[in-house]
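Residues in the sequence shown are numbered consecutively from 425, following our numbering. Virtual Cβ for every residue (Gly too), placed ideally from N, Cα, C.
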Amino acid sequence: MDISHRRTKSDMISSMPARRYSTREARAAYVDRRLEELYPNPAIPLDHRDAYTLLVAVVLSAQCTDKRVNLTTPALFALADTPEKMAQVPVAKILEIIRPCGLSPQKSRAISELSRLIVERHGGKVPATFEELEALPGVGHKTASVVMSQAFGQPAFPVDTHIFRLAHRWRLSNGKSVEQTERDLKKLFPTERWNALHLRIIYYGREHCTARGCDGTICEICRHLRG
Ligand code: SF4
425 MDISHRRTKS DMISSMPARR YSTREARAAY VDRRLEELYP NPAIPLDHRD AYTLLVAVVL
485 SAQCTDKRVN LTTPALFALA DTPEKMAQVP VAKILEIIRP CGLSPQKSRA ISELSRLIVE
545 RHGGKVPATF EELEALPGVG HKTASVVMSQ AFGQPAFPVD THIFRLAHRW RLSNGKSVEQ
605 TERDLKKLFP TERWNALHLR IIYYGREHCT ARGCDGTICE ICRHLRG
């Protein structure tokens, strides 16, 4: 009897996807490749004209959707689209415009103050270092990472809720904090992939990862990595 086409038990086990993706590195390589196929040219989601308008938009995006921010920023930037002009606008006026984005008292104060400091400390130009950005009010490491990556093209891996959740679902990180997850992801992916990849994961998360209480068996990449 010709048994050349019969698959032995060990053949079957060795060809199972679960074995192919038994290491973080193998899972990362698959995620990187598949996301590039799905989102070849990921656009920056927040509308902006330059580093300053991006910085303001990112500050506004805390606990707010990008869509809502994009509906709000045209009126704000019509009033003031440079740090010099914004520093002259009363905080109450900024607050009135940005109210739909939520947390408006804190965000309006931060936008006013960071604009004044960019003029005072940096001659009106948004600084292009993590240290200087994170020294501005309302600017944490994630905001600084978005600006460094999307405005200045410097390698950064801002971790938002989508990236945090999917990094765990895809078993790329078991870090309890966003800081640890960021470190894990930076180790797994080549530096030159970070800027497009973080956007791709966000797009995938927004498109697919909306199910509450999901057991990780619904969407394509989660299913594929589980085998
Ligand atoms: S299967 Fe879909 S909804 Fe569930 S964790 Fe994965 S991406 Fe999110």
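Rounded to whole angstroms, what's the CA-CA distance from residue i to residue j? Just pull it up for me.
i           : j           : result
residue 429 : residue 605 : Residue placement at residue 429 cannot be trusted, given a pLDDT of 45 that sits under 50; what the coordinates show is reported in the next sentence. Residue 429 and residue 605: Cα-Cα distance of roughly 44 Å.
residue 470 : residue 628 : 16 Å
residue 439 : residue 445 : Note on residue 439: pLDDT 45, under 50, position unreliable in the model; the coordinate value appears next. Using only the alpha carbons, I get a separation of about 11 Å.
residue 618 : residue 559 : 24 Å
residue 643 : residue 632 : 7 Å
residue 437 : residue 494 : Low confidence applies here, because residue 437 scores a pLDDT of 42, under 50, leaving its location unreliable; read the following figure in that light. If you take the alpha carbons of residue 437 and residue 494, they lie about 50 Å apart.
residue 435 : residue 467 : For residue 435, the predicted structure reports a pLDDT of 47, less than 50, and the residue's modelled location is therefore unreliable. A value from the coordinates is still provided. Their Cα atoms are separated by approximately 43 Å.
residue 537 : residue 511 : 7 Å
residue 475 : residue 542 : 12 Å
residue 639 : residue 599 : 19 Å
residue 540 : residue 508 : 7 Å
residue 518 : residue 489 : 19 Å
residue 596 : residue 583 : 13 Å
residue 425 : residue 581 : Since pLDDT at residue 425 reaches only 42, below the 50 mark, its modelled position is unreliable, and the value read off the structure follows with that caveat. Whole-angstrom Cα-Cα distance: 57 Å.
Any heavy atom of the ligand SF4 within a distance shorter than 6 Å of the CB on residue i?
i           : result
residue 586 : no
residue 564 : no
residue 525 : no
residue 648 : no
residue 593 : yes
residue 626 : no
residue 632 : yes
residue 637 : no
residue 642 : yes
Over what stretch of residues does the alpha helix (DSSP H) that includes residue i continue unbroken?
i           : result
residue 606 : 602 to 612
residue 598 : Where residue 598 is concerned, there is no enclosing alpha helix (DSSP H), given that its DSSP letter is neither H nor E.
residue 643 : Careful: residue 643 lies outside any alpha helix (DSSP H) and carries neither H nor E.
residue 576 : Residue 576 -> no alpha helix (DSSP H), and no H or E assigned at all.
residue 616 : Note, residue 616: premise wrong, no alpha helix (DSSP H); not H, not E.
residue 466 : Residue 466 -> no alpha helix (DSSP H), and no H or E assigned at all.
residue 476 : 475 to 484
residue 524 : No alpha helix (DSSP H) contains residue 524, which DSSP labels as neither H nor E.
residue 550 : Where residue 550 is concerned, there is no enclosing alpha helix (DSSP H), given that its DSSP letter is neither H nor E.
residue 496 : 490 to 503
Kindly indicate which residue of the options has the alpha-carbon position closest to the one of residue i.
i           : options            : result
residue 501 : 472, 523, 610      : 472
residue 453 : 538, 591, 517, 633 : 591
residue 579 : 587, 588, 525, 569 : 569
residue 463 : 636, 639, 620      : 620
residue 589 : 602, 577, 581      : 602
residue 637 : 610, 600, 593, 649 : 593
residue 451 : 485, 613, 478      : 613
residue 535 : 623, 447, 480, 443 : 480
residue 465 : 527, 561, 623      : 623
residue 645 : 531, 459, 634, 448 : 459
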